[in-house]
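Asks:
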Amino acid sequence: MSAAARRGLLTQTTEGHVAFRDYRTWYRITGSLGSPKLPLVVAHGGPGCTHDYVDAFKDIAALDGRAVIHYDQLGNGNSTRLSDKGPDFWTVDLFLDELDTLLRALGIEKRYAFLGQSWGGMLGAEHAVRRPHGLKALVIANSPANMHTWVTEANRLRRELPKDVQDTLTRHEAAGTITDPQYVTASRVFYDRHVCRVVPWPPEVARTFAIMDEDNTVYRNMNGPTEFHVIGTMKDWTIEDRLSDIAVPALLISGRHDEATPEVVHPYVERVPGIRWVLFEHSSHMPHVEERELCMRTVSDFLRTQD
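Spelled out as structure tokens, the structure:
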């Protein structure tokens with residue numbers, strides 16, 4: 645087989661939907677599940693984003709020949725949208741159940757690696773502390789272990805914004821006008837510093853945020869209006885006291901300018917047995933976009949040691 649043919653095989657894609665409860669979860673496989681390498685499941689953040697902004701992780705399929713599975717969590721992107729559902733519906737257990745359903749449907753529940761970005765990493769930690777038999781490696785990317793610490797650090801970073809930006813944010817939050825264009829513009833100053841420092845945002849990142857603008861049901865209910873104004877059902881979430889239960893090789897990644905500051909990610913470093921931490925010096929919350937090649941090599945190298 646020619647090199648070009650091998651590259652084509654490694655980057656072939658298959659899309660489909662998995663039945664989950666009364667709904668449908670969309671997935672895409674890059675590469676072949678027939679590969680002897682551990683398949684990698686990639687979970688997006690939010691809660692309430694889409695797979696688009698973490699699309700770069702498909703590069704790993706070509707790098708080392710493993711299947712990479714992206715999926716849109718329920719309520720988001722190409723999966724069933726449920727704009728009529730309220731806070732009681734959107735729970736951690738819902739998304740853990742969805743993940744288990746996806747693993748079984750794809751026939752990989754006995755052997756897989758998991759990478760979760762931001763909220764996806766929180767979900768990954770929740771999955772890992774249950775010690776599922778098939779989980780062989782875990783990558784936690786830019787994720788908090790305690791939402792109180794996340795909010796404290798986000799607001800510390802917010803106090804470093806220009807005073808007029810801070811005043812705009814405070815004024816609209818007090819008035820309840822957080823959909824006002826001025827508030828949105830002021831929030832973007834924070835996002836451009838601490839979420840994605842590539843300006844303008846790459847198309848796949850902009851696409852996720854555009855979809856969220858259309859339907860922010862999950863994000864609004866679980867998180868709140870912005871990264872630093874967390875008033876949703878996840879506001880008191882923590883996994884700190886359970887992290888020692890993670891029993892698989894683990895990699896933690898974050899960015900020097902990340903809203904997931906060293907203080908935010910430190911519980912993983914301190915409490916997950918044997919975890920390795922890589923800090924990307926020129927990134928904020930999206931090293932997979934901001935330092936794409938280095939990030940892909942870092943994750944790929946870690947996974948190769950687990951195959």
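Numbering (the numbering used here), first residue to last: 645 to 951.
Even for Gly, the Cβ is constructed at its ideal location relative to N, Cα and C.
1) Kindly identify the DSSP beta-bridge partner or partners of residue 657.
2) Leaving out five residues on either side along the sequence, give the residues of the same chain with a beta carbon under 6 Å from the beta carbon of residue 646.
3) For residue 762, does the count of other Cβ atoms within 10 angstroms reach 16, so buried, or fall short, so exposed?
4) Using the Cβ count rule (16 or more neighbours within 10 Å means buried), how would you classify residue 717?
5) What's the C-alpha gap between residue 921 and residue 934?
6) Please determine if the segment 744-761 and the segment 867-874 are in contact, where contact requires at least 3 C-beta pairs separated by less than 8 Å.
7) Tell me the DSSP secondary structure of residue 701 in three-state form.
8) So, helix, strand or coil for residue 807, using DSSP?
9) Just to confirm the assignment, what range does the alpha helix (DSSP H) spanning residue 718 have?
10) Quick check: the segment 782-799 against the segment 813-821, are there 3 or more CB pairs under 8 Å?
11) Only counting the same chain, and skipping five residues up and downstream in sequence, which positions put a Cβ closer than 8 Å to that of residue 704?
12) For the structure I just gave you, are there three or more beta carbon pairs, one from the segment 844-858 and one from the segment 878-886, closer than 8 Å?
13) Using 8 Å as the Cβ pair cut-off and three pairs as the minimum, do the segment 830-838 and the segment 896-916 touch?
14) Under a three-way DSSP split, which group does residue 928 fall into?
15) Taking residue 744 as the reference, give the member of 663, 853, 896, 851 with the closest Cα.
16) Kindly indicate the opening and closing residues of the beta strand (DSSP E) around residue 874.
17) Run through the DSSP bridge pairs and tell me what residue 898 is partnered with.
18) What's the call for residue 821, buried or exposed, on a 16-neighbour Cβ count within 10 Å?
Replies: Taking the structure as given:
1) 674
2) Caution applies to residue 646, whose pLDDT of 41 falls short of 50 and renders its modelled position unreliable; the value that the coordinates give is listed next. Same-chain partners within the cutoff: there are none.
3) buried
4) buried
5) 18 Å
6) no
7) helix
8) helix
9) Run containing residue 718: none; DSSP gives neither H nor E here.
10) no
11) 684, 710, 712, 940, 943, 944, 947
12) no
13) yes
14) coil
15) 663
16) From DSSP, residue 874 is part of no beta strand (DSSP E); its letter is neither H nor E.
17) 923
18) exposed
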